[in-house]
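Below is one structure, written out as structure tokens, with a few remarks after it.
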Amino acid sequence: MFEQQIINGLTLGSVYALIALGYTMVYGIIQLINFAHGEIYMIGAFAGVTMVTMLGQGFFVSITVAMLVCMVLGVVLERVAYRPLRKSTRLAALISAIGASIFLQNAMMLWKGPQPVGFPQVINDAIYHIGPIEVSKVQLIILATSAILMAVLNYIIKYVKIGKAMRAASQDYDTASLMGININRVISFTFAIGSALAAAAGVLVGMYFNSVAPLMGVMAGLKAFCAAVLGGIGSIPGAMLGGIFLGVAETMGIAAGFSTYKDAIAFTLLIIVLLFKPTGLLGKPIQRKV
Amino acid sequence: MKKKSILLAIVTILALTLVTVGCGGGGGEDTTSTDSNDEAAIKIGFLGATTGGHAYYGINTLAGMKMAADELNEAGGVIGKQIEIVEADHGSKLSEGATVAQKLIQRDKVNAIVGDPTTGITKIAAPIAEDNQVVQISAGAVGDYVVNTEDGKLREFVYRNTLLNAVAVPPVVKYLKDELGWNKVAVVTSMNNDYSVGLTKLFKEALNDAGVEIVADESIQDGDQNFSAQVTSIKPNNPDGIVFTGYYTEGGLFMKEVRKQGLDIDMVGGDGLLAETLWEMGGEAVNGSMVYCGFAADPTMAEGKTKAFIENYSTANDGALPDMFVAQGYDAVMMLADAMKAAESDDPVVFKEEIKKFEDWQGVSGTITIRDDHEPLKSPVYLLEVAEGDNGQQFKVKAVIPVK
Amino acid sequence: MNQIFESILDPYYMQVLTLLGIYIIAALGLNLITGATGMFSFGHAAYFAVGAYGAAILTVNFGFPFYIALVAGGLMASLAAIIIGFPALRLTGDYLGIVTLGFGEIIRVVFLNMKITGGAIGLSGIAKETNLSIVIVLVMVTVYIMYALDNSRFGRALVAIREDDIAAESMGINVMTYKMKAFALGCFFAGIAGGLYSHLILYINPSDFGFAKSFEFLCFVVLGGLGSIPGVILGTTVLTLAPEFLRAVADYRMMIYGALMVFMMIIRPKGLLGDVNLHRIFFKKKYQKQANRSTAAGG
Amino acid sequence: MSALLELQDITIRFGGLTAVDEVNISIDSGTIRALIGPNGAGKSTIFNIVTGIYSPTSGKVLFNGEDITGTEPYMITQKGIARTFQNIRLFGKMTVLENVKIGQHCRTKSDFLSAVTGIINPVVKKEEKEIEENSLQALEIVELADKRYEYAQNLSYGEQRRLEIARGLATNPSLLLLDEPAAGMNPLEKQTLMKMIRKIQDMNLTIFLVEHDMKFVMNLSDRIAVLDYGRKIATGSPEEIQKDPDVIAAYLGKDVD
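Protein chains in written order, with this note's numbering: chain D, 531 to 820; chain L, 511 to 914; chain S, 2 to 300; chain Z, 484 to 740.
Next up, the structure:
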């Protein structure tokens, strides 16, 4: 029983991690909590389901298209709602993010209607038995896709020029621009990558739970944000660790009968970690110079 | 210091009066009604959501209301006046529910309100309708303290035409025990859903009365997508069936998990499961799952009014079948019309007396009797079962259980 | 006093205005926390809920008179704020925001699972006590208190903490206690507003007090103008009445509401009445003298 | 003349680095004591230890004979030690007068209850008037009284430096710590600052000064302590310090023999 929960936890955790990466990268560079990120995850899921139902495409095509759609959406969102507020107080950008998320939720609800939309079986599901554990094919695909995407992201961040520019910008925004880095392009790229990962998470969740709804992004986004902060906001490995950690903890909580407190588990965990290590599990402590 | 506080008070009052003036202009008549808003029309207000979490119920109830209004208007209206449906959307928010109720009564001067499909907002609107002497019929609320207040007083102006769980659950449980031989059941409740918490209470009472043992008592939450933990703990008790009192999305996913873990038992639930989403989510796993409800559109078994209603609806909605909210929304408007005809008046104070006298009133969703405690006694209870039909899965009537 | 209102206004406006007054009181409480002291509080609705449930349970189950229950609700909200403040106020900036958001959700989930609050079924049968005149009086009292605080030793200390908490500490301000006092006081007003809310709507359910409501209060304060009393009043008025005005566009209502928020933030990042300060309005001549004095002296 | 402030072999380590190593300084009341040394010698760290922002790994801080090591910064200010900061930390969106009023904070008592009853409560009104007068007095000393309603962030650099001193004075301290007050000032502004510090000293205040500008330090301070890599290498009058070989070596480096 216990190992089964671990698998369920890991699957859920890898989805949280994919979304959390978007929050961490954006926060790392412009210290903005992008509350509309949950909605991008939802729109990715809807893009995936539309590809599958309307155009009868397979898994790979629909997940790629969903990621492309959300990349564009992420860049447009940053350009419209956040760039004008880059110089103003952080709360101003936060309210703009909340406005954007309300807009996206209701736009989708108006277009696709309020009730959940079924995500048809794209992959014929099979159950594999490894010792006592039962792992479904869909779960394996989710774990594999998340792992690949995270590896690709790591590669980009470490070795590709734009990735180094992203890291530079997140260390020191102004100096990076002095060094000839086109900050706006780097920020748009960060939004693009973050949104693509969220879109992938949306398609994977849609496939795993066969359900996609206009309001699915709200709670998932908030929990993924908790995961990002848990791991240490701004740290990419932190987001991965935080997401997995949260997914497993939540599943364990439900298994232990706390399902009525499910949503509270994520937040309780986060508060405990923040009180003992204010900058999260892997975050670097920032010494306030006097 | 004195001068300052006076100035301060003036600024605040100024801000508030500015608002009232501004607000006066804004409120505006927005009757997106079927025909022009001449004074002679009888106005029926729709209280419900077309956006937010409960939009699904609102949109269907409104469709039923409009269908009934059109039919009545084609037949010359009621007591010589045309019926006009006044729409408003509270976006599934409690605080806006009260505002919309006030708006319908004060600004749009409606004769009656049909709504809200959910118990919570119905309870918010009920005292407002009662104080302003406007008849309110809920076409969906099944919780308690709707037609009566918490301190036991009967409300004069608030009624409903829904199949109450308290009325339906005992005959259904008897059917499960006698016809299907269920002696051991698992109960699953969605804790953050007031409908589910209330329904579980009723099922537990009926199960104990009928001598059926509850071997597992699991809880989930609306919006959950992962039930592996709960099903894993039900499995060892091997119950004959599952009583699931939550909504359709979680119900479908729950059954998918039940089948995934190799349990070959069926599920029974209330009208919360009643939507195509049940099999969109659950796939074949929900085949055999049973739902009791106050109405089920089954063209093959329906006759008379109900048959005509189903045909009219499906022709107008490219083949789609009406669900319980469409039917009960339709019946609510028809009940109001019959009451006004009987009282020969559209004044709520007068025609409310007629509603109390409804005895075996024939609606498309069943025969309704308003008992002296103003609660509706609706018969029959339709027990539906999900089965593979010609165009995919659909609800088939498994049994029609008369209510004594 | 209420009869006067009843004669000139129809109950629809009364309902809208009473709700507006309630939100203004809660928003002014949040303004003390976020506007004056600069602490990010993303869980304000939880204290609004503590006040709502506290007052309702006292009047419904224990038959308390309305006004006593109202103040008791406010005090309960302050107590909750103090209990949560101890761990939370050690953090600053976004981290404080996240932790208060977390506590807000935890409180909502606790209410969902408590018997006395009626859990998911909610609490109904609350007596109708709140009317427009009570709310207007309480709004004026709140505005007066906030104005008095703004221009007192206590208020100055809070603004100093917002501007630079290390310098404030070095100037002899016990920053931790003042943050705690501001947080408890701000939540007291949220509690009072909650008590008024539950005795207006007469049915409360935990789902109504989630983080969406907390962000609503945050939008009132930030969009109106952080730290500016008239700004917060105007911000709350605009954002509470916008959904009423937008009713005419029915389905597009909430979409436009979201777009409106983005648009208003972009044209007025500092808020509608950003740095407008009541004090400077009243003492225009004093500040006027300063303006020409500094220009004359080429300062 | 008893020692107002005594640092008894103060040591502080950040991780492996020993920022301050066994430093002993004692300052007599009424004098101007300077603390000089190359960048990174630990000067500001000592200031932060005295004002309670850092607590030392070992050693004691005595003020008027009372051990105040590791006390909360706001209590140290109440005991009578005020400070300015190396990089100016003013309350930008508050007026000049309000900035100085904050200095009065630890000398007054009214809290939010008295604030609300302020209109009718004479005690509060008297206290507010006192705060206003004391603050204006402090502003007079630094010649900023005419800019009292200007926002602090709109002042020029020199004016902001002087405002920080005024704010410190408003806490009516007995010891004033000045952290590089003359930094970034032109010669004229330095003259007025020197005059002002002498005026402050005449109000029998003790001044503990960290400064890089040698001319400024030499003709202002009574005694000077020199710090190098966290260790005190010399103390004495300005003349002695100018001739002290260790000091010269620390500043100008040894000649390679």
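For glycine and all other residues, C-beta sits at the position ideal for the given N, C-alpha and C.
Contacting residues, own chain, Cβ-Cβ under 6 Å from Z:Thr534 (five flanking each side not counted): So the qualifying residues of the chain are Pro556, Ile559 and Arg566.
Is the Cβ of L:Lys906 closer than 8 Å to any Cβ of chain S? No - not a single Cβ of chain S is within 8 Å of the one on L:Lys906.
Rounded C-alpha distance that separates L:Asn786 from D:Gly648: Here residue 786 of chain L is Glu; the residue named in the question, Asn, does not match the sequence. Going by the C-alpha atoms only, they are around 10 Å apart.
Tell me the rounded alpha-carbon separation between S:Tyr253 and Z:Glu581. Inter-residue distance for S:Tyr253 and Z:Glu581 is about 48 Å (C-alpha atoms, whole angstroms).
Among all the DSSP beta bridges, which residues are the ones paired with Z:Asp727? Bridge partners of Z:Asp727: none, in fact.
Name the residue from D:Glu569, D:Val733, D:Thr541 and D:Ala722 whose alpha carbon lies nearest to the alpha carbon of D:Met696. Of D:Glu569, D:Val733, D:Thr541 and D:Ala722, the residue nearest in Cα terms is D:Ala722.
If you count every other CB in all the chains shown that lies within 10 Å of the CB of L:Leu664, and 16 or more means buried, which is it? It is exposed - the Cβ of L:Leu664 has fewer than 16 other Cβ atoms within 10 Å.
For the stretch 754 to 765 of chain L against the stretch 738 to 753 of chain D, do three or more pairs of beta-carbon atoms, one drawn from each stretch, fall closer than 8 Å, so that the two count as touching? Taking 8 Å as the limit for Cβ pairs, the verdict is that the stretch 738 to 753 of chain D does touch the stretch 754 to 765 of chain L.
Would you mind sorting L:Gly534 into buried or exposed? The rule is 16 or more other CB atoms within 10 Å of its CB. Confidence at L:Gly534 is low in this model, with a pLDDT of 42, below 50, so the placement of that residue is unreliable and no value is reported for it.
Measure from the C-beta of S:Met177 to each C-beta in chain L and report whether the shortest distance is under 8 Å. No, no contact with chain L.
List the endpoints of the continuous alpha helix (DSSP H) containing D:His567. Looking at the DSSP string, the run of the alpha helix (DSSP H) that includes D:His567 is His567 to Leu585.
Which full runs of the alpha helix (DSSP H) of 4+ residues lie inside the stretch 669 to 736 of chain L, going along the chain? Listed in chain order, the complete alpha helix (DSSP H) runs (minimum 4 residues) inside the stretch 669 to 736 of chain L are 675 to 688 and 704 to 720.
Tell me the residue span of the alpha helix (DSSP H) that contains D:Leu551. Counting along the chain, the unbroken alpha helix (DSSP H) around D:Leu551 starts and ends at Phe532 to Ile560.
Please classify L:Pro809 as buried or exposed, where buried requires at least 16 neighbouring CB atoms within 10 angstroms. For L:Pro809, the number of other beta carbons within 10 angstroms of its own is below 16, and it is reported as exposed.
Report yes or no: is there a C-beta of chain S within less than 8 Å of the C-beta of Z:Arg572? For Z:Arg572, at least one C-beta of chain S is nearer than 8 Å to its own C-beta.
Mind pulling the alpha helix (DSSP H) runs of 4 or more residues that sit fully within the stretch 588 to 648 of chain Z? Within the stretch 588 to 648 of chain Z, the complete alpha helix (DSSP H) runs of at least 4 residues are 595 to 599 and 605 to 624.
Per-residue burial, Z:Ile731 [other beta carbons within 10 Å of its own, 16 or more giving buried]: So Z:Ile731 counts as exposed.
Apply the 10 Å Cβ neighbour rule to D:Leu585 and answer buried if 16 or more other Cβ atoms are within range, or exposed otherwise. With fewer than 16 neighbouring CB atoms inside 10 Å of its own CB, D:Leu585 falls in the exposed class.
What are the start and end residues of the alpha helix (DSSP H) that includes L:His884? Here L:His884 belongs to no alpha helix (DSSP H), and DSSP marks it neither H nor E.
Below 8 Å, how does it come out for the stretch 638 to 658 of chain L and the stretch 841 to 849 of chain L: are there three or more Cβ pairs, yes or no? Touching, yes.
Would the stretch 60 to 78 of chain S and the stretch 215 to 222 of chain S be scored as touching if the rule is three or more Cβ pairs under 8 Å? Under the three-pair Cβ rule at 8 Å, the stretch 60 to 78 of chain S does not count as touching the stretch 215 to 222 of chain S.
Using a cut-off of 9 Å between C-beta atoms, extract the partners of D:Val605 located in chain S. Under the 9 Å cutoff, chain S gives no residues; its nearest Cβ is about 16 Å from D:Val605.
Tell me the DSSP secondary structure of L:Tyr567 in three-state form. When DSSP states are grouped into helix, strand and coil, L:Tyr567 belongs to the helix group.
Measuring only between beta-carbons, confirm whether D:Ser544 sits less than 8 Å from chain L. Output row for D:Ser544: interface = no.
Decide yes or no for the touch test of the stretch 62 to 78 of chain S against the stretch 193 to 201 of chain S: beta carbon pairs closer than 8 Å, at least 3 of them. Verdict: yes, contact present.
Could you check whether Z:Arg644 and Z:Pro664 sit closer than 8 Å to each other, using their CB atoms as the reference points? Between Z:Pro664 and Z:Arg644, the CB-CB gap stays under 8 Å.
Helix, strand or coil for S:Thr60 per DSSP? The answer is helix: DSSP assigns S:Thr60 an H, G or I state.
Through-space distance from S:Ile162 to S:Phe79, alpha-carbon basis: As written in the sequence, residue 79 of chain S is Ser, which differs from the Phe given in the question. A straight line joining the alpha-carbon of S:Ser79 with that of S:Ile162 spans about 20 Å.
Counting pairs of beta carbons, one from the stretch 794 to 803 of chain D and one from the stretch 559 to 567 of chain D, are three or more of them closer than 8 Å? The way I'd put it, the stretch 794 to 803 of chain D doesn't touch the stretch 559 to 567 of chain D; fewer than three beta-carbon pairs between them come closer than 8 Å.
Residue of L:Ala830, L:Asn822, L:Val836 and L:Asp848 minimising C-alpha distance to L:Gly804: Scanning L:Ala830, L:Asn822, L:Val836 and L:Asp848 for the CA closest to the CA of L:Gly804 turns up L:Val836.
Test: S:Ile107 CB closer than 8 Å to a CB of chain L: Not an interface residue.
Alpha helix (DSSP H) segments (min. 4 residues) lying fully within the stretch 621 to 646 of chain L: List check, alpha helix (DSSP H) in window: 629 to 641.
Can you grab the Cα-Cα spacing for the pair L:Ala622 / L:Asp599, in whole Å? One C-alpha to the other measures close to 16 Å.
Applying the 10 Å Cβ sphere with the 16-neighbour rule, what's the burial state of D:Leu634? With 16 or more Cβ atoms within 10 Å of its Cβ, D:Leu634 is classed as buried.
Would Z:Met677 pass as a contact of Z:Phe691 if the rule is Cβ separation under 8 Å? No, Cβ-Cβ distance for Z:Met677 and Z:Phe691 is not below 8 Å.
Give the straight-line distance between the Cα atoms of S:Gly209 and S:Leu113, rounded to the nearest whole angstrom. The residue asked about is misnamed: residue 209 of chain S is Asp in this sequence, not Gly. Note on geometry: alpha-carbon atoms of S:Asp209 and S:Leu113 lie some 11 Å from one another.
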